[in-house]
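For reference, the structure discussed in these notes is given below.
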Amino acid sequence: MNQEHPELDPITPADSEAATDPQQEQIQALRAELEQVKADALRERADLENQRRRVARDVEQARKFANEKLLGELLPVFDSLDAGLAAAGSEPNPLREGLELTYKQLLKVAADNGLALLDPAGETFNPEHHQAISQVDAPAGVNPGAVVTVFQKGYLLNERLLRPALVVVARVD
């Protein structure tokens, strides 16, 4: 052994293994830690992306249904205009024409805000959009299960039911 310069002493295989084992273990530990940090970063990125999508979806839903309360409160106005038109008769007169014009304008404004009218007379009964209040024997020319009479029109707001139509349905044998 060189007393003056111990660093110049030859390294034996046993010394080499002893020197590299702790280094190899440290390298392996650092690699494992790096892999864990990468996995955590990917998971965080995925969580952020999912949260961004949820927020975007929630904002879109809020935008689509922001007018739901107002439009829901206008439904009795639509019903009153329908009743007024029925009471005005079928003969053209200034009162009827004024009611029709008002009704059409109100429907257009509501439609521009996502409201759609459900007037299912003659259509097949749809329990998702119609509420049956009665059944009658099918009149001539009407299919069983079809809507015979509409007591109250229904409404959809952006494809979501706001109010079901109240209907009478032809009895199915």
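Mapping of the sequence shown onto this note's numbering: position 89 corresponds to residue 1244, and the numbering continues sequentially without gaps.
A virtual CB, placed ideally from N, CA and C, is assigned to each residue, including glycine.
- A Cβ-Cβ contact shorter than 8 angstroms links residue 1234 with residue 1307.
- Residue 1274 and residue 1309 have their C-alpha atoms some 7 angstroms from each other.
- Distance check between residue 1232 and each of 1258, 1242, 1291, 1218 places 1258 closest, using alpha-carbon atoms only.
- Residues of the same chain with a CB within less than 6 angstroms of the CB of residue 1271, apart from the 5 flanking positions on each side, are 1311 in chain order.
- For residue 1309, the enclosing beta strand (DSSP E) starts and ends at 1309-1312.
- Using a C-beta cut-off of 8 angstroms, the segment 1280-1297 makes no contact with the segment 1260-1267, since fewer than three inter-stretch Cβ pairs fall below that distance.
- DSSP places residue 1289 inside the beta strand (DSSP E), whose first and last residues are 1285-1291.
- Short of 8 angstroms from the beta carbon of residue 1301, and not among the five residues preceding or following it, lie these beta carbons of its own chain, in chain order: 1277, 1278, 1279, 1280, 1293, 1324, 1325.
- Cβ-Cβ distances below 7 angstroms link residue 1318 to 1230, 1309, 1310 in the same chain, with the five nearest sequence neighbours on each side left out; the list follows chain order.
- Going by C-alpha positions, residue 1239 is about 21 angstroms away from residue 1266.
- Per DSSP, the continuous alpha helix (DSSP H) segment holding residue 1264 begins and ends at 1249-1267.
- Shown here, residue 1220 sits in coil according to DSSP, grouped into three states, outside any helix or strand.
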